[in-house]
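Numbering (the working numbering), first residue to last: 1 to 94.
Written as structure tokens, this is what we have:
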């Protein structure tokens, strides 16, 4: 399990964990602590692409991916995704 924690300015922090990995892909979870809405920026490793994502609203699937809350989880929670490729994305939260 790989965990990367990045705190944004003041009221938002995000913690990334690789839950499972296999040849050609992995599943990750990002735990978000926030007050009044959040946006997480995932920087995906080269050659890695998100194939499905839940509990968040994503813009893009590779490179720099922006994920925002879906209303009911505006004050924190988690979102998960399955990706093809390998490596560990970096996270930041605003």
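We put the beta carbon where it would ideally sit given N, CA and C, even for glycine. Note that the structure is predicted; figures quoted are calculated from it, not measured.
Asked, Found
"Alpha carbons only, please: which of 75, 13, 18 and 68 is nearest the one belonging to residue 27?", "18"
"Hey, how far is the Cα of residue 47 from the Cα of residue 81?", "16 Å"
"Residue 32 and residue 38: beta carbons closer than 8 Å?", "yes"
"Quick check on the DSSP output: what are the complete beta strand (DSSP E) runs of length 3 or more inside the stretch 19 to 94, in order along the chain?", "25 to 34, 39 to 43, 49 to 54, 57 to 59, 64 to 68, 76 to 84 and 90 to 93"
"When we look at the beta-carbon of residue 51 and count the other beta-carbons within 10 Å, is it buried (16 or more) or exposed?", "exposed"
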